[in-house]
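Chain order of the listed sequences is A and B. Letter by letter, the first sequence follows residues 108 to 228 of the numbering used here. Letter by letter, the second sequence follows residues 108 to 228 of the numbering used here. For each residue, glycine too, the CB sits at the ideal point set by N, CA and C. Note that this is a predicted model, so its numbers are computed, not measured. Following: one structure in structure tokens, then a few remarks.
Protein chains: 2
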Amino acid sequence: MSFGKTLREIRRSKDKSQRELADLLGLDYGYLSRLENDKVQFNPSRDFIMKIVVELSCDDDEKAKLLMEAGRIDVDLEKVAQEANTRPELNVFFKSAVKLPVEDIIELTEQIQQMIKAKEK
Amino acid sequence: MSFGKTLREIRRSKDKSQRELADLLGLDYGYLSRLENDKVQFNPSRDFIMKIVVELSCDDDEKAKLLMEAGRIDVDLEKVAQEANTRPELNVFFKSAVKLPVEDIIELTEQIQQMIKAKEK
DNA sequence: TTGATGTTGACGTTCAATGTCAATTCATAA
DNA sequence: TTATGAATTGACATTGAACGTCAACATCAA
């Protein structure tokens, strides 16, 4: 896949023409066409993608795909990463965690939720 | 603190003048002065900071401080964040984990190390 | 009082990202 | 077969963040 193909797929699934989407975004449809055909040298920014996400009412999965294909990071995740920047232990923690498979992560998440709950008292 | 003050502190601790550092970086010292006095509208990029880190032989702590003050993210952490972009379970996991205090994170990290070790067999 | 260091005004440049317009082509339904 | 809506493409232009320069001036310690 690519950003362009992903965008096109999503746009079509919402039954919108390039012109319609361009109108919603307030820009020329020529640019959209280029994006969809990956004729633009650099992938759009996070902000640009978020505008699309809003205008097309994308769900979390579609949003994630677009961000991923463009190599951009969600604002929330960027904040998390920035926090890890200042907390060495978090830094190490994250780097280890990425290596684990889905099941393990889910298990650990539950564990964390409980830890948090326990503290609330 | 601010990026400028942090940079100045680190530079001075390495006994370098602005001119010396500017030479190492291959740029004009005027720019460095501006940076140190936070007279530059936008904080330097990660790449720029990494050049400083190299030229001043900064340790991990100094590097983290500079990146943090500039609101930039370490390359490794960015990769981790990007991976989380594509793995919803990781996304949730990270967002939960940030809430935990140091001790808990350290404990969990040990747990993860063991999980990884166990799989190596 | 000179030499090293730092500050500042006033610019200039680069590059990623965003955007435009008009000519053309493509798809398809009347 | 042709009109119409949709998409593609060449050939630009614009914006904004980041990076950078030069020279004049200021500060200060030896």
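1) Using the Cβ count rule (16 or more neighbours within 10 Å means buried), how would you classify residue 208/A?
2) Taking C-alpha atoms, which residue in 122/A, 158/A, 125/A and 175/A lies nearest to residue 109/A?
3) Would a C-beta distance cut-off of 8 Å place residue 188/A and residue 184/B closer than the cut-off?
4) Can you find the residues in the same chain that come closer than 7 Å, C-beta to C-beta, to residue 129/A, ignoring five residues on each side of it along the sequence?
5) Please determine, among 117/B, 228/B, 223/B and 226/B, the residue with the shortest C-alpha to C-alpha distance to residue 167/B.
6) Where does residue 160/B land, buried or exposed, given buried means 16+ other C-beta within 10 angstroms?
7) Can you tell me which of the three DSSP states residue 212/B falls into?
8) Could you tell me whether any Cβ in chain B is nearer than 8 Å to the Cβ of residue 113/A?
9) Is residue 164/A helix, strand or coil when you go by DSSP?
10) Using a Cβ-Cβ cut-off of 8 Å, state whether residue 149/B counts as contacting chain A.
11) Hey, quick one: how far does the alpha helix (DSSP H) through residue 184/A stretch, first residue to last?
Inspection of the coordinates gives the following:
1) exposed
2) 175/A
3) yes
4) 135, 136 and 139
5) 117/B
6) buried
7) helix
8) no
9) coil
10) no
11) 182-193
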